[in-house]
Amino acid sequence: MSQQELPQVPEVYSTKDNRVLNLSERSPLLTSNGSEWNDINLAYFDLPAAEMSEYSLDLYGIGINLGQGIELEQVLEGTSHQGFLPTGGSCFCPSYYRQAYRWDRRNQLLYLNLTPELLSRQAIALLKTNCVELIPHFAVQDPLIYQIGLALKAALETDESSDRLYAESAATFLAVHILRHYSTRTQKIQDYVGGLPKHKLRNAIDYIQENLSENISLEAIANHIDISSYHFCRLFKQSTGFSPHQYVIQQRVERAKQLLRQGKMSLSEIAIACGFSHQSHLNRHFKCLTGVTPKIWLKS
1 MSQQELPQVP EVYSTKDNRV LNLSERSPLL TSNGSEWNDI NLAYFDLPAA
51 EMSEYSLDLY GIGINLGQGI ELEQVLEGTS HQGFLPTGGS CFCPSYYRQA
101 YRWDRRNQLL YLNLTPELLS RQAIALLKTN CVELIPHFAV QDPLIYQIGL
151 ALKAALETDE SSDRLYAESA ATFLAVHILR HYSTRTQKIQ DYVGGLPKHK
201 LRNAIDYIQE NLSENISLEA IANHIDISSY HFCRLFKQST GFSPHQYVIQ
251 QRVERAKQLL RQGKMSLSEI AIACGFSHQS HLNRHFKCLT GVTPKIWLKS
């Protein structure tokens, strides 16, 4: 569908608000641009009833409807798909597919894009091959995709966008879920139980402690102990009871307590020294774990 020769709009889409829409010319309400997220990006839009001309991306795209249900038409590689996209419903489109869309009413859409490199890394690590075809899907209701989308949106809204570990963990689980359920894979992705071997757990914890003031990368920890990032996340939680992100936050708060007792640094200096992006970032996590702010904790 080109902007010069638009197909006739079906009756269900006959609304005075219909227009050709170019997302590149429309500012998102929320975006991960400028964050330190790797391999995944997010954009959240409030959009009128409209038609989008054909385009393609070099990223794997997931569109999630966060607003009211809409009647949607998707034209993918010249083939039309039409139907109802409910709240929480998603459409998946692999990289480089030609795609165009039309919908009948105002809605709120969340776009998640994954890099081919992320999907390839996970396929090689878990399936021992990257020759896996990803299959497009229309109007899918997938609770895990929906919840990951909401969690990443909330992370941006609460100024957690500087936390690479959180976003990389979410992107990893999202990539593995896609390989499991929306690809042509024939091999089974093995899930292990029992936690990390003791020496790998010790090495992972030592690496975290040594780099606590840095913006720790999930891939860096996993590579340090020679394990896939997906299996590291699962086995680390089995060993410690915490996700890697939860554990790092807990350790940063513990280090902040030590520095507070010493009384040699300001709160803003302590925040940076412990790996938080700023003082309010420290305050929020400190209060979440202790029930009080750092100043109140120091006086108690």
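Counting from 1, one number per residue, gives the positions in the sequence shown under this note's numbering.
Beta carbons: idealized from backbone N, C-alpha and C, even for Gly.
Since the structure is predicted, the reported quantities are computational estimates derived from the model, not experimental observations.
Can you say whether residue i is buried or exposed, counting buried as having 16 or more other CB atoms within 10 angstroms of its CB?
i, result
"residue 304", "This structure cannot speak to residue 304, because the chain is shown only from 1 to 300."
"residue 60", "buried"
"residue 191", "exposed"
"residue 174", "buried"
What is the DSSP secondary structure of residue i, reduced to helix, strand or coil?
i, result
"residue 40", "strand"
"residue 240", "helix"
"residue 120", "helix"
"residue 248", "helix"
"residue 166", "helix"
"residue 207", "helix"
"residue 173", "helix"
"residue 253", "helix"
"residue 57", "coil"
"residue 113", "strand"
"residue 297", "helix"
By DSSP's criteria, residue i is part of a beta bridge. Which residues make up the other side?
i, result
"residue 50", "103"
"residue 137", "92"
"residue 63", "91, 111"
Could you give the first and the last residue of the continuous beta strand (DSSP E) run that contains residue i?
i, result
"residue 83", "79-85"
"residue 76", "70-76"
Compute the Euclidean distance between the alpha carbons of residue i and residue j, then round it to the nearest angstrom.
i, j, result
"residue 198", "residue 236", "11 Å"
"residue 130", "residue 179", "10 Å"
"residue 109", "residue 41", "14 Å"
"residue 84", "residue 74", "11 Å"
"residue 133", "residue 184", "5 Å"
State the start and end residues of the unbroken alpha helix (DSSP H) segment that holds residue i.
i, result
"residue 146", "143-157"
"residue 214", "From DSSP, residue 214 is part of no alpha helix (DSSP H); its letter is neither H nor E."
"residue 289", "279-290"
"residue 267", "267-273"
Can we count residue i as close to the ligand SAH, meaning its CB is less than 7 Å from some heavy atom?
i, result
"residue 295", "You won't find the ligand SAH in this model; it holds no ligand whatsoever."
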